[in-house]
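Comments concern the structure below.
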Amino acid sequence: MFFRTTLLLITAPIAALADCQQKDHSKHRCTILDLDNCYGDNNSAGLVEEKQGHFTSKCSGCILQGDKNRELRCFCQTDNGAGVISMVDMNHLVGNSNGYLQCWGINGGHTC
685 MFFRTTLLLI TAPIAALADC QQKDHSKHRC TILDLDNCYG DNNSAGLVEE
735 KQGHFTSKCS GCILQGDKNR ELRCFCQTDN GAGVISMVDM NHLVGNSNGY
785 LQCWGINGGH TC
């Protein structure tokens, strides 16, 4: 199990916060990951997995939903001015690296 608790969403910057277990199972660490490091916006379909994609430049109104809040859902502006509601399953990219949330080899910070 990657996360002991449900993920929480923090805005400005948009970040995930979780209590993650270390490899040796001795401790849990409260960690925060800036999701701009994990996702981008492809201008037509919305959210995509992209290292340091800075999706918040075109997406807003984000919420977490689904099983243990692991689905990120946002409203994203397209290049033609329209908007789309887009969703990514964070289970595919965000994980636990010895007690830190991580994507693309980028560790989140220690907090709490």
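Sequential numbering from 685 applies to the sequence shown in the working numbering.
Even glycine gets a Cβ: it sits at the ideal position worked out from N, Cα and C.
Computed from a predicted structure; not experimentally measured.
DSSP three-state assignment for residue i, whether helix, strand or coil
i	result
cysteine 744	In the sequence as presented, cysteine is not what sits at residue 744; that position holds serine. Residue state, collapsed to three classes: strand.
asparagine 727	coil
glycine 708	Rather than glycine, the amino acid found at residue 708 in this sequence is aspartate. Aspartate 708: coil per DSSP, three-state reduction.
glycine 737	coil
isoleucine 698	coil
asparagine 721	helix
lysine 752	helix
Proximity winner among the options, relative to residue i (alpha-carbon distances)
i	options	result
threonine 740	Asn727, Lys752 and Asp751	Asn727
threonine 795	Arg713, Glu755, Lys707 and Pro697	Arg713
glutamate 755	Gln761, Leu777 and Gly789	Leu777
asparagine 775	Cys758, Gly792, Lys752 and Gly724	Lys752
glutamate 841	Leu701, Val772 and Gly783	Missing from the structure shown is residue 841; the chain here goes from 685 to 796 and no further.
asparagine 668	Lys711, Ser710, Gln786 and Ala729	Residue 668 lies beyond the residue range present for the chain, which begins at 685 and ends at 796; the question has no answer from this structure.
aspartate 708	Ile790, Gln736, Ala766 and Asn780	Asn780
cysteine 722	Leu785, Leu731, Tyr784 and Gln736	Gln736
lysine 742	Asn791, Cys787 and Cys758	Cys758
serine 710	Asn791, Gly783, Ile790 and Cys760	Gly783
glycine 767	Ala700, Gln706, Leu701 and Asp725	Asp725
Residue i, enclosing beta strand (DSSP E) - first and last residue
i	result
leucine 785	784-787
glycine 779	779-781
arginine 757	755-761
aspartate 773	767-773
For residue i, the residue or residues it bridges with in DSSP
i	result
histidine 794	Thr715
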